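See below for the structure under consideration.
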Amino acid sequence: MTQQRAHNAPGLRAWLGLAVILGPVLLVSMDGSILFLAMPRISQALSPTADQALWILDIYGFAVGSLLVAFGSIGDRYGRLKLLMIGATVFGLGSAGAAFAPNPELLIACRALMGVAGATLLPSALAVLSELFPDARRRAQAIGIFAAAFAAGFAIGPIVGGTLLGQFWWGSVFLVNLPVIVVFLLFAPVLLREVRATGTGRIDRLSVATSAGGMLLTIYGIKHLAADGMSVLPIATMLLGIAVLTFFARRQRHLEHPLIDFSLFRDRVFTIAIITGLLPLAAWSATAYLAGIYLQSVLNLSVLHSALLALPGAAVLTIACIVTPAVVDRIGKRAALITCHFSIAVGLLLLLPTTISGGIGWYVASTAIAGLGYGISFSVVADTAVGAVPAERAGSAGAIAETSNEIGNALGIAILGSLAALLFRLQGPDLAPTLDETLQLPALVPAVAQDAKTAFVTGLHVVVVVAILLHAALGTVALRWLPRAASDEPGAGIHGEPTNDRVACTS
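So this is what it looks like as structure tokens:
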């Protein structure tokens, strides 16, 4: 009996450890989307400019995405659990600062700090989880739960934010993180063990700086061009950012341990998988953000009502994420990837009939159908990317797959959101740079308010059309490029080889 208890004890510790890890993982993904419904309320409280509003939304995703690979290497060298504890502490401090930020600038800074902390949590959490489950079968189950929680976080973020805002002030969407962080810091040292890797190579600091700096400079230029029009400074900033990113990409070719192994993109299957990680998140984040403004500022729905309308899409996305691995075993990854892109395109198409006077039914149907494609993309991207490369390069492939999701989430708001802002500036009444600022103007004539709403809906429709065309194009490319062998053998990798370690629903 004593021996049996000793044998069962590690299993109990492992599952309790998984439960503790899921807390910060859920927060990292949820905070990528929790502001989508909260932005109208934040705009009323802090009055950010058009580009500041976009920075509040996407600086978090850029910080996570640009540092994800770097912190993975740092954790390997100095200890994953140590990095988890530091990251969770900083995430909590950033959340507290954001909740009580008195101006847009400080809120942007706190969101950036949260993003840096989030980049420490994801790779370290997955590594610590793998140590908890040395048995391959249980480890696969744990990774599935881990990744499903991550995908669910993206889906429920707007709903949690909307629910909180129905009862409390806007800062509550950040304070909700603190109890989870406190529980993690109390129990993690007891349930989790330190994990280190040897032979990880030297971290190239210049690569870290140029990847993050180049991306931020490029997006800064794009945002200001959209918000302020053509001028020398944003154009120069954007070109400088592109030059820095080009330098970064070239430098990686000559490093023994590059942050991103660009040679992996020579494989067509890998390339399609990574773009599938990026594009659906870009479309989802942009349309979810714009739809939140549409429901509240155009249709005048309450934030709680808007959150409830997002439930069907979130449910479909989460269920699709969970069941897709079993479906892929029957139909193959090729069919799943193709279905992903075309279902998103069809779902987004249903947003086009929305008007300034109605469109709730179209919105709900759109999120439900597109949610199927989003759930599939979360499920198969990492496994497809890893299965497309040799085993010794699987770590690099998985890191790029995770990074593509985070960058896609941020790019959607940065680029597509900037496109919507540009169209509003060009077609709106030109009284203020955003719809919310325009509607808050004193003594606003109803006809002008209607013109502003019409301009916003036009911008939403153009963004939707761009996303539809991109998904239709990528679905067509997948149809032509991906080998049919992937769907011929159940449980096979994209090239037909069997895969043992599935990472489902990974973002």
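Following our numbering, the numbering of the sequence shown begins with 512 at its first residue and continues without gaps.
Glycine residues also receive a C-beta, built at the ideal position from the N, C-alpha and C atoms.
As the structure is a prediction and not an experimental result, all values here were calculated from the model.
Do residue i and residue j have their CB atoms nearer than 8 Å?
i: L927; j: A797; result: yes
i: F759; j: S718; result: yes
i: L862; j: V975; result: yes
i: L736; j: P745; result: yes
i: L922; j: A831; result: no
i: D523; j: L703; result: Correcting the residue identity first, residue 523 is Leu in this sequence and not Asp. It is not a contact, given that the beta carbons lie outside the stated cut-off.
i: D599; j: L632; result: First, the residue type needs correcting, since residue 599 is Ala and not Asp in the sequence shown. Closer than 8 Å, so yes.
i: V891; j: A847; result: yes
i: L579; j: T914; result: yes
i: L689; j: S606; result: yes
i: V857; j: I880; result: yes
i: V988; j: I785; result: no
i: L820; j: I871; result: yes
i: I733; j: S929; result: yes
i: A978; j: L859; result: yes
i: T674; j: L766; result: no
i: Q563; j: Q951; result: no
i: M550; j: I804; result: yes
Determine the burial state of residue i: buried for a count of at least 16 other Cβ atoms within 10 Å of its Cβ, exposed for fewer.
i: M726; result: buried
i: Q538; result: A small fix is needed here, since residue 538 is Leu in this sequence, not Gln. Flag for L538 reads buried.
i: G668; result: buried
i: M741; result: exposed
i: L980; result: exposed
i: V531; result: buried
i: L942; result: exposed
i: N920; result: buried
i: V575; result: buried
i: G869; result: exposed
i: D646; result: exposed
i: F679; result: exposed
i: G603; result: buried
i: T729; result: buried
i: R764; result: exposed
i: P535; result: buried
i: V1099; result: Residue 1099 lies beyond the stretch modelled for the chain, which goes from 512 to 1018, so this question has no answer here.
i: T949; result: buried
i: V956; result: exposed
i: T866; result: exposed
i: L883; result: buried
i: S544; result: buried
i: R936; result: buried
i: V743; result: exposed
i: S722; result: buried
i: L697; result: exposed
Which first and last residues belong to the alpha helix (DSSP H) in which residue i is found?
i: H852; result: L822 to L860
i: N688; result: N688 to L702
i: T757; result: V743 to Q763
i: Q961; result: P957 to W992
i: Q938; result: G928 to Q938
i: I771; result: That residue, I771, is in no alpha helix (DSSP H); it is neither H nor E in DSSP.
i: V480; result: The requested residue 480 is not part of the displayed model; the chain covers only 512 to 1018.
i: Q555; result: M550 to L557
i: W795; result: R779 to I804
i: F602; result: R591 to A610
i: A525; result: T513 to M541
i: D947; result: L946 to L950
Measure the beta-carbon distance from residue i to residue j and round it to whole angstroms, keeping in mind my assumption that it falls under 8 Å.
i: S453; j: L946; result: The structure shown does not extend to residue 453, since the chain spans only 512 to 1018, so no value can be given for it.
i: W681; j: I570; result: Between I570 and W681 the Cβ distance is about 17 Å, and since that is not below 8 Å, they are no contact.
i: P944; j: A963; result: With a Cβ gap of about 11 Å, P944 and A963 do not count as contacting.
i: G626; j: L548; result: Going by Cβ atoms, the distance from G626 to L548 rounds to 20 Å, so no, they are not a contact pair.
i: I855; j: Y885; result: 7 Å
i: L686; j: A610; result: 5 Å
i: G970; j: L934; result: 4 Å
i: I924; j: Y800; result: 6 Å
i: I656; j: R622; result: Not really, about 28 Å apart at Cβ, beyond 8 Å.
i: A666; j: A825; result: 4 Å
i: L643; j: A525; result: 4 Å
i: F661; j: S540; result: 5 Å
i: A932; j: A561; result: 5 Å
Residue i CB to nearest chain D CB: under 8 Å?
i: W873; result: Going by chain labels, chain D is absent from the structure shown, which holds only one protein chain.
Measuring only from the beta carbon, is residue i closer than 7 Å to any heavy atom that is part of the ligand SAH?
i: L955; result: Questions concerning the ligand SAH fall outside what the structure shown contains, since it holds no ligand whatsoever.
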